[in-house]
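Trainee:
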Amino acid sequence: MQRILEPGQIEALASRSVPRLVLPARERVFAARATRLEALASRDPLGGYLTFAAALARAQHDAAAGLAPGAPEPGVQAAARAHGMPILPARGLRRGAEWRDALAAILAALGGGRFPAPVARAGLLLGAEPVALLEARAERLLAADGRDAEPAAAPFVIAALQVYWVVLASGRALGDVPLDAAAAVCPVCGMLPLASIVRSHAPYAGYRYLQCGLCASEWHRVRVECTQCGATDGISYQSIEGGPAAIRAETCERCRCYRKIFYQEHDDGVEAVADDLASMALDLLLAAAGYQRASAHPLLWQPAG
Amino acid sequence: MAEVTRREFLKFTGASLAGSSLVLLGFTPETALAEVRQFKLARATETRNTCPYCSVACGVLMYGTGDRAKNAKSAIFHIEGDPDHPVNRGTLCPKGASLIDFLHSDSRLQYPEYRAPRSAEWQRISWDEAFDKIAGLMKKDRDQNFVAKTADGLTVNRWLTTGMLAASASSNETGYITHKVMRSLGVLSFDNQARV
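Chains as they are written, first to last, in our numbering: chain A, 8 to 312; chain B, 1034 to 1229.
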């Protein structure tokens, strides 16, 4: 979109720097996600799954409001700063028990007969599970990007972990987070990004941000570059013909992977987790064309193998 | 290795969907799977380039349709400033902002043309013919006007009657070679990216 700059704006623009990191706000992340999912659910070819996802996000929002995790280990953070590593590493930080409180709250909120029976069943099974098993589940989900995840239980477990990490991340200051120019993983928690968003509002307009699939932090990454392998040649933007202009997949011919990229200028309310899930048709078409997702969707785990 | 397993895991098909969270939690992807059959992929490109107008060399993003990755012809439909470019930060001057019209202009010069002396007609010629003609004219002019020494005997080896303008979007390497070629001929009047 083009606009004419007035005198004074050019100087202001020239002296600004790119906002490199946007930390999540615990009171907004899940509410915005739920609102978006509810809007998308009205035309839901996924048989109500978006409605379920919306309810899950609402439950996450409520759980986040009541969560007060203890301060993360200062040693880990100091070491992270000294070596330019993620400050709240999902695979190194000792998790507080609070994430299990979030899980219990989420399971309680999703109980009842609103959803198909397997939802309640999965909730009951998880709710009765001993701490050691739950911790092992969390460890597996965070350790290898969920390749050993159990698809029916993983959405609830990752939802609780998201609440925990979003709350932790939203308490950080921007200056606390070491930044790498072309970070392939989240500078806050070290997990893989879920998707890209090209923002349309100042001061983020025109920049591409990668959004973390766990803590929802967003970090700047130069556009037209493969977020998986760093290639700058052979990048294409594939979408469904006649489909929404805001939703594309940034595909790479070198590594044959893709992440979706959402253009806020075409749809102001676009939200990475919600729109990625709601655009599953694009995944199926790309899979048929021989491309692979670069990272799993937190609500759409598949059996390993 | 974990990496290989992870990629295996991320294969996304109707079959693998059968064991996914969605189905195991009791929801049905059938509508979505049926819907996909009527959809087609459309491919677009975003290409980073440099504005050709001046030596500020602003970065531009060119939006095109079609399949550049597979060497098919792509059609550029929009050009805007590259927000990531440190020089212009997404902005363009009025000339740069109208690049798309320059690109698709009917009068855009796309091949060498020649107008013979006293003729009103332009005729299309090949690049080889154009190079030969330019080289011949340059040699003729240089033979006539090259100054090896000044009147008081000072060696200068200069050629002042011909000049050269080169593109602003040239790379460092192009700038370097332009400089070497023109200076070695004795040309003093030229302007290109090498001065920036």
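All C-beta atoms in this analysis are idealised placements derived from N, C-alpha and C, irrespective of residue type, glycine included.
To the nearest angstrom, how far is it from the Cα of S24 of chain A to the Cα of R206 of chain A?
Mentor: Cα to Cα, the separation comes out at about 16 Å.
Trainee: If we define contact as Cβ-Cβ less than 8 Å, is Y214 of chain A a contact residue for chain B?
Mentor: Interface residue, yes.
Trainee: Buried or exposed: M1034 of chain B, going by 16 or more other Cβ atoms within 10 Å of its Cβ?
Mentor: Legend: pLDDT at M1034 of chain B = 31, less than 50; position of this residue unreliable, value from coordinates given subsequently. Exposed is the call here.
Trainee: Note the first and the last residue of the continuous beta strand (DSSP E) segment covering P200 of chain A.
Mentor: From DSSP, the beta strand (DSSP E) with P200 of chain A extends over 200-205.
Trainee: Residues of chain A with CB under 7 Å from S1054 of chain B, in chain order?
Mentor: In chain order: P158, A159, A161, P162, L306, L307, W308.
Trainee: Measure the CB-CB distance between D69 of chain A and A202 of chain A and report whether it falls below 8 Å.
Mentor: Not closer than 8 Å, so no.
Trainee: Which same chain residues end up closer than 6 Å to A252 of chain A when comparing Cβ atoms and leaving out the 5 residues on each side of it in sequence?
Mentor: Once the five neighbours on either side are set aside, the close Cβ partners of A252 of chain A are H273.
Trainee: How long is the line joining the alpha carbons of H90 of chain A and P194 of chain A, rounded to whole angstroms?
Mentor: For H90 of chain A and P194 of chain A, the distance between alpha carbons rounds to 12 Å.
Trainee: Would F59 of chain A pass as an interface residue toward chain B - the criterion being a Cβ-Cβ separation below 8 Å?
Mentor: Taking Cβ atoms only, chain B reaches closer than 8 Å to F59 of chain A, which makes this a yes.
Trainee: Based on Cα-Cα distance, which residue from A:H304, A:A167, A:G120 lies nearest to G134 of chain A?
Mentor: Looking at the Cα atoms, A:A167 is the closest of the given residues.
Trainee: If distances are taken between C-alpha atoms only, which option among A:R27, A:L20, A:G15 comes closest to E225 of chain A?
Mentor: Considering only alpha carbons, the answer is A:R27.
Trainee: Please say whether Y1147 of chain B and I1133 of chain B have beta carbons closer to each other than 8 Å?
Mentor: Cβ atoms of I1133 of chain B and Y1147 of chain B: not closer than 8 Å.
Trainee: Going by DSSP, which residues form a beta bridge with F1223 of chain B?
Mentor: For F1223 of chain B, which the question treats as bridged, DSSP gives the partners B:M1197.
Trainee: Give the residues of chain B in contact with V229 of chain A, contact being defined as C-beta atoms less than 8 Å apart.
Mentor: Here the neighbours are D1117.
Trainee: Going along chain A, which residues have a C-beta under 9 Å from R1175 of chain B?
Mentor: Result: empty, since nearest Cβ-Cβ is about 41 Å, beyond 9 Å.
Trainee: Buried or exposed: where does T1211 of chain B fall if 16 or more other Cβ atoms within 10 Å of its Cβ makes it buried?
Mentor: By the 10 Å Cβ count, T1211 of chain B comes out buried.
Trainee: May I have the straight-line CA-CA distance separating L1058 of chain B from P1085 of chain B, to the nearest angstrom?
Mentor: So the alpha carbons of these two residues sit roughly 56 Å apart.
Trainee: Out of B:M1095, B:E1113, B:W1192, point me to the one whose CA is closest to C1126 of chain B's CA.
Mentor: Cα-wise, what sits closest to C1126 of chain B is B:E1113.
Trainee: I want to see whether chain A comes within less than 8 Å of R1151 of chain B, judged by CB atoms only; does it?
Mentor: Judged by the 8 Å Cβ criterion, R1151 of chain B is not in contact with chain A.
Trainee: Please check if any C-beta of chain B sits within less than 8 Å of the C-beta of P26 of chain A.
Mentor: Chain B contact via Cβ: absent.
Trainee: Taking 8 Å as the CB-CB cut-off, is Y171 of chain A touching chain B?
Mentor: Taking Cβ atoms only, chain B never reaches closer than 8 Å to Y171 of chain A, which makes this a no.
Trainee: For A46 of chain A, which residues of its own chain have a beta-carbon under 8 Å away from its beta-carbon, when the five flanking residues on both sides are left out?
Mentor: These residues qualify, in order along the chain: G276.
Trainee: L149 of chain A and S302 of chain A look like a contact to me (Cβ under 8 Å); what is the Cβ gap, rounded to whole Å?
Mentor: Contact doesn't hold; Cβ gap of about 13 Å is too wide.
Trainee: Check W226 of chain A in the structure and name its three-state DSSP category.
Mentor: Strand.
Trainee: Shorter than 8 Å from the beta carbon of A296 of chain A to some beta carbon of chain B?
Mentor: Interface residue, yes.
Trainee: Does the stretch 1073-1081 of chain B touch the stretch 174-193 of chain A, meaning 3 or more C-beta pairs lie closer than 8 Å?
Mentor: Because the criterion of three Cβ pairs below 8 Å is not met, the stretch 174-193 of chain A and the stretch 1073-1081 of chain B do not touch.
Trainee: What does S1049 of chain B touch in chain A if you count any residue whose Cβ is under 8 Å from its own?
Mentor: Here the neighbours are Q309, P310.
Trainee: Taking the runs of the alpha helix (DSSP H) that are 4 residues or longer, which of them lie wholly in the stretch 10-38 of chain A?
Mentor: Those alpha helix (DSSP H) runs which fall completely within the stretch 10-38 of chain A and span 4+ residues are 16-22.
Trainee: So, does the CB of T1124 of chain B fall closer than 8 Å to a CB anywhere in chain A?
Mentor: Yes - at least one Cβ of chain A is within 8 Å of the one on T1124 of chain B.
Trainee: Is there a C-beta anywhere in chain A that falls below 8 Å from the one on T1083 of chain B?
Mentor: By this cut-off, T1083 of chain B is not an interface position.
Trainee: Just checking: is the beta-carbon of F1060 of chain B within a distance shorter than 8 Å of some beta-carbon in chain D?
Mentor: This model lacks chain D altogether; the protein chains it does include are A and B.
Trainee: Against chain A, does T1194 of chain B count as a neighbour if the rule is that its beta carbon must be under 8 Å from one of theirs?
Mentor: So, not an interface residue.
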